[in-house]
Structures are given as structure tokens and as C-alpha cells.
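Q:
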Amino acid sequence: MSIDPRPALAATLLLSASLLGSGAARAADLDLPGGCATAGSASLDEAGPNGGFEAGRLEVVIPGASTTPPPALHAASLRVTSQRAAAGVSTAQLEQAATAAAATLLTALSVHHTGACPDHVLQEAMRPLAHGVQAGGAYEFTWSDVSVRAGSTRFGAHRLALRVGGDGRTAQLVGSLEGAASNDRAAALLPESLEVRVALPASELPPLLSAAGGHGAPVDVAIEQVRARRGDSTLEGHGQASIAGEPGAGSGQGQVTITGLDALMEAANAPGLERLRTGLFLARLVAHRDGDRSEWDLAWRQGTLLVNNVPLPLR
């Protein structure tokens with residue numbers, strides 16, 4: 545199933561098929577060590593007085609994965625900027641970090657993690673950014689017209705962005721997603737826009753990349769804000785989470801508010817989404833409601849979602 549993200553529902557959240565064909569520019573700094581993730585682009589130019597680069601027709605591939613064809617990300621462009629000169633992070637280091645972020649996304653979307661980049665490679669690629677944040681730096685990664693293939697999963701987005709900054713000791717990550725499309729059965733529920741803002745110690749940025757990719761020890765983060773919108777429905781929330789490689793090993797708790805829940809339930813009234821619709825129905829029963837506004841206390845423990853202490857049958 546091919547996906548053109550441009551006319552898609554807009555959604556939130558960082559990232560190619562096989563290597564680009566003839567005419568593609570290759571840059572060794574885009575590849576990760578050991579060939580665990582390879583990257584190519586049709587053009588690669590440095591941009592900005594504080595460091596950064598712009599790549600056109602970017603492709604990132606995990607060639608050692610167990611799936612055929614291997615997981616891959618394509619983007620019409622990738623623009624990376626360093627917003628503070630004190631960061632001390634080179635363009636080559638930003639290129640490595642961008643490829644590591646893409647490899648992490650591809651691994652997270654893959655059912656089988658065999659052949660994914662080793663933890664030490666991902667962490668080494670992210671370590672300069674952690675040091676840069678501790679020195680007062682801030683960085684922004686923006687992928688446009690993205691399409692991802694990972695096993696049977698197909699995903700696309702018009703725009704995918706990640707900002708990494710903070711106040712020195714604490715790092716703040718802001719991820720946003722617009723124009724998402726997917727071949728998943730629940731694609732009709734994808735938000736038109738999504739923004740997630742989390743905070744954690746800057747020193748934990750490298751381990752976070754490993755945990756998000758399905759490996760390594762859990763990493764604790766503060767979820768400062770989640771905001772998603774689809775039509776007349778809006779979801780907002782905040783809380784704390786422990787990000788782990790396996791969903792059953794992670795945990796979290798927080799508060800979520802949805803305006804327009806009935807519209808989401810209607811969107812879930814599609815073949816194959818019976819369990820999800822049942823879960824939304826049960827959630828509505830236990831919600832604290834005020835007009836069209838529904839609110840819950842959520843908890844995720846040992847692979848089970850609890851809504852106001854009521855477990856929901858999502859699987």
C-alpha cells in the first residue's frame with residue numbers, strides 16, 4: 545500500500561526503502577557506525593550561522609533488519625538547525641543524531657527488532673546533543689513529506705518535527721506531527737495535529753533513544769503536555785511515564801481530557817476496531833463529564849491501561 549502523506553489526515557511523536565538510486569549524494573557523516581543505519585540524499589548543504597544542514601530527498605535504511613525489504617524512511621527534505629552558538633555541536637554530529645533519530649523511529653515501528661542499531665551506537669550519536677543542551681544549546685529537526693516502511697507498517701506525514709533544548713540540567717523535547725496517514729486499522733482515528741512536550745535530565749537523552757527503540761533500561765520522563773486534535777475532538781493531557789523497550793515493562797500515570805468523545809467513538813465504528821470501540825465505551829462510562837468534556841485519571845501498569853482504576857480491554 546503506497547502512502548502519499550500530502551493529502552492525508554493531518555496527526556503526532558522524529559524518519560526510507562532501499563538506497564537512493566543514481567544521482568544521489570552520499571555523505572559518510574549521515575551513516576551510523578557499523579552500517580547499522582545507512583543514509584543518502586540528493587543534496588546536502590550546510591545551513592545557518594550556528595551550524596546545521598539541509599538534506600534533499602533523504603533516505604534512511606536499516607539494512608540489517610530481519611524484514612524484507614528492510615525498514616526505511618524517505619523525506620522530501622530534512623532541515624536541522626542549531627539555535628544557540630554556545631552549543632558546540634558540529635554539523636557532522638547533528639547529521640549522526642538525525643540518522644539515529646530516524647533509525648529509532650523505524651525500529652519502534654517494526655514488529656521485529658532484530659538487526660536494529662546497537663544501544664551504544666544510538667547513544668553515542670545522541671551524546672553530543674546531550675552535552676550541547678547542558679551547555680545551553682537548542683536544536684530543531686524538521687522532516688517534510690515523510691513516508692516510512694517498517695515490516696507491514698506504512699506511515700506518512702506532511703511534517704514531522706523535533707526540538708531538543710532545555711535549561712542546562714533539564715532537557716525538553718517537543719515533538720509535533722501534521723498530516724499523518726497510515727495503513728493501520730485505526731488510521732481513521734489519527735489526529736490532524738499532535739504536539740508532545742516532555743522533560744528529563746539532559747544526561748538521560750542518550751538512554752532515552754535506546755529505550756524508545758526497544759532496548760535498554762527504562763527512562764523516566766515528565767510529560768508536560770500532550771495535545772491532539774481531530775475534527776471537533778481535542779485531547780489534552782499531562783503526567784509521568786517510564787519509557788521502556790517493551791510496552792509491558794513501561795509504566796505511567798496522568799490526567800487526560802477529551803472534548804468531543806462521541807465523534808471519536810463514531811470514527812471507531814469501523815470493522816476491526818471492536819475492542820477499541822468497547823474500550824472507548826467503557827471509558828465514557830467511568831469519565832468525569834462536564835457537557836462535552838470528559839476527563840480521566842490514567843495509569844499504565846504491566847501492559848494494562850487503567851482508566852479511573854478500571855482496566856480496559858484494548859487487546
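Using this note's numbering, the letters of the sequence shown map in sequence onto residues 545 to 859. Beta carbons: idealized from backbone N, C-alpha and C, even for Gly. These figures come from a predicted structure and were not determined experimentally.
(1) Along the chain, where does the beta strand (DSSP E) containing Gln716 start, and where does it finish?
(2) Out of curiosity, what's the CA-to-CA distance linking Ala568 and Ala743?
(3) Starting from the Cα of Val708, find the closest Cα among His702, Gly700, Ala701, Val718 and give me that residue.
(4) Taking DSSP as the reference, what is the three-state secondary structure of Val604?
(5) Opposite Asp841 in the DSSP bridges: which residues?
(6) Note down the Cα distance separating Val830 from Pro745, rounded to an integer number of angstroms.
(7) Considering only the alpha carbon of each residue, which of Leu602, Pro735, Ser691 lies closest to Leu808?
(8) On the CB-based measure, 16 or more other CB atoms within 10 Å of its CB, does Ser587 come out buried or exposed?
(9) Ends of the beta strand (DSSP E) at Pro745?
(10) From what residue to what residue does the alpha helix (DSSP H) around Glu810 run?
(11) DSSP state of Val830, grouped into three classes?
(12) Cutting at 8 angstroms between CB atoms, please list the residues of its own chain near Ala644, excluding the five before and the five after it.
(13) From Asn813 to Leu824, what does the alpha carbon distance come to, in whole angstroms?
(14) Starting from Ala642, trace the alpha helix (DSSP H) both ways and give me its first and last residue.
(15) Excluding the 5 residues flanking Met545 on each side, which residues of the same chain have their C-beta closer than 8 angstroms to its C-beta?
(16) Tell me the DSSP bridge mates of Gln769?
(17) Please report the residue range of the beta strand (DSSP E) in which Gly783 lies.
(18) Could you check if His832 is buried or exposed, using at least 16 other CB atoms within 10 Å of its CB as the buried criterion?
(19) May I have the straight-line CA-CA distance separating Glu590 from Ala701, to the nearest angstrom?
(20) Quickly, what does DSSP pair Asp764 with across the bridge? List them, please.
(21) According to the Cβ coordinates, are Ser691 and Arg703 closer than 7 angstroms?
(22) Please report the straight-line C-alpha distance between Glu839 and Gln799, rounded to a whole angstrom.
(23) So, under 8 angstroms CB-CB, Leu779 and Ala785 are touching, yes? Tell me the CB distance rounded to an integer number of Å.
(24) Between which two residues does the alpha helix (DSSP H) holding Ala755 run?
(25) Under the rule that 16 or more other beta-carbon atoms within 10 Å means buried, what is Arg845, buried or exposed?
(26) Under three-state DSSP, which class holds Leu622?
(27) So Leu749 and Ala674 are in contact, right, with Cβ under 8 angstroms, and what is the actual spacing, rounded?
A: According to the structure data:
(1) Along the sequence shown, one-based indexing puts residue 716 at 172. Unbroken beta strand (DSSP E) run through Gln716: 714-726.
(2) By one-based count along the sequence shown, residue 568 stands at place 24. By one-based count along the sequence shown, residue 743 stands at place 199. Legend: pLDDT at Ala568 = 45, less than 50; position of this residue unreliable, no value from coordinates given.
(3) If you number the sequence shown from 1, residue 708 lands on position 164. Comparing Cα positions, the closest option is Val718.
(4) What you label residue 604 is simply residue 60 of the sequence shown in a count that begins at 1. If DSSP states are grouped into helix, strand and coil, Val604 belongs with the strands.
(5) Position 297 of the sequence shown, counted from the start, is the residue given in the question as residue 841. Per DSSP, the beta bridge partners of Asp841 are Gln799.
(6) As a first step, residue 830 is located in the sequence shown; it is residue number 286 there, counting from the start. As a first step, residue 745 is located in the sequence shown; it is residue number 201 there, counting from the start. The alpha-carbon atoms of Val830 and Pro745 are separated by roughly 35 angstroms.
(7) To locate residue 808, count along the sequence shown from 1; it is residue 264. Of the listed residues, the one whose Cα sits closest to Leu808 is Pro735.
(8) Looking up residue 587 in the sequence shown gives position 43. Classification of Ser587: exposed, given that the 10 Å Cβ count is below 16.
(9) Translated into positions along the sequence shown, residue 745 becomes position 201. Segment 737-745, the beta strand (DSSP E) holding Pro745.
(10) Counting from 1 along the sequence shown, the entry for residue 810 is found at position 266. Following the DSSP letters along the chain, one finds Glu810 inside the alpha helix (DSSP H) bounded by residues 805-811.
(11) Translated into positions along the sequence shown, residue 830 becomes position 286. It is helical.
(12) Here the question's residue 644 lines up with position 100 in the sequence shown. Closer than 8 angstroms at the Cβ level, and outside the excluded window around Ala644, lie Leu576, Ala581, Cys661, Val665, Leu666, Ala669, Met670, Leu753.
(13) For the purposes of this step, residue 813 is identified with residue 269 of the sequence shown, where counting begins at 1. For the purposes of this step, residue 824 is identified with residue 280 of the sequence shown, where counting begins at 1. Taking the straight line from one Cα to the other gives about 11 angstroms.
(14) Taking the sequence shown and counting its residues from 1, the one referred to as residue 642 is at position 98. It spans 635-653 - the alpha helix (DSSP H) in which Ala642 sits, taken as one unbroken run.
(15) Here residue 545 refers to the residue found at position 1 of the sequence shown. With a pLDDT of 33 at Met545, under the threshold of 50, the modelled position of this residue cannot be trusted; read the value that follows with caution. Same-chain partners within the cutoff: Arg698, Asn727.
(16) Start at 1 with the first residue of the sequence shown, and residue 769 comes out as number 225. In the DSSP output, where bridge partners are listed per residue, Gln769 has Arg741.
(17) Mapped onto the sequence shown, residue 783 falls at position 239. Per DSSP, Gly783 belongs to the beta strand (DSSP E) from 777-787.
(18) Working through the sequence shown from its first residue, we reach residue 832 at position 288. With fewer than 16 Cβ atoms within 10 Å of its Cβ, His832 is classed as exposed.
(19) Indexing the sequence shown from 1 puts residue 590 at position 46. Indexing the sequence shown from 1 puts residue 701 at position 157. The alpha-carbon of Glu590 is positioned some 25 angstroms away from that of Ala701.
(20) For this step, residue 764 is matched to residue 220 along the sequence shown. DSSP, once it has assigned bridges, lists Ser786 as partnering Asp764.
(21) Your numbering for residue 691 matches position 147 in the sequence shown. Your numbering for residue 703 matches position 159 in the sequence shown. Contact: no.
(22) Sequence index remark: in the sequence shown, residue 839 carries index 295 (1-based). Sequence index remark: in the sequence shown, residue 799 carries index 255 (1-based). Computed Cα separation, rounded: 7 angstroms.
(23) Your numbering for residue 779 matches position 235 in the sequence shown. Your numbering for residue 785 matches position 241 in the sequence shown. Wrong, their Cβ atoms sit about 16 angstroms apart, outside the cutoff.
(24) For this step, residue 755 is matched to residue 211 along the sequence shown. Taken as a continuous stretch (DSSP letters only), the alpha helix (DSSP H) holding Ala755 covers 749-756.
(25) Your numbering for residue 845 matches position 301 in the sequence shown. Result: exposed.
(26) Reading the sequence shown from its first residue, position 78 is the one you call residue 622. Looking at Leu622 - three-state DSSP - the assignment turns out to be strand.
(27) Position 205 of the sequence shown, counted from the first residue, corresponds to residue 749. Position 130 of the sequence shown, counted from the first residue, corresponds to residue 674. Leu749 to Ala674, Cβ: 4 angstroms. Contact.
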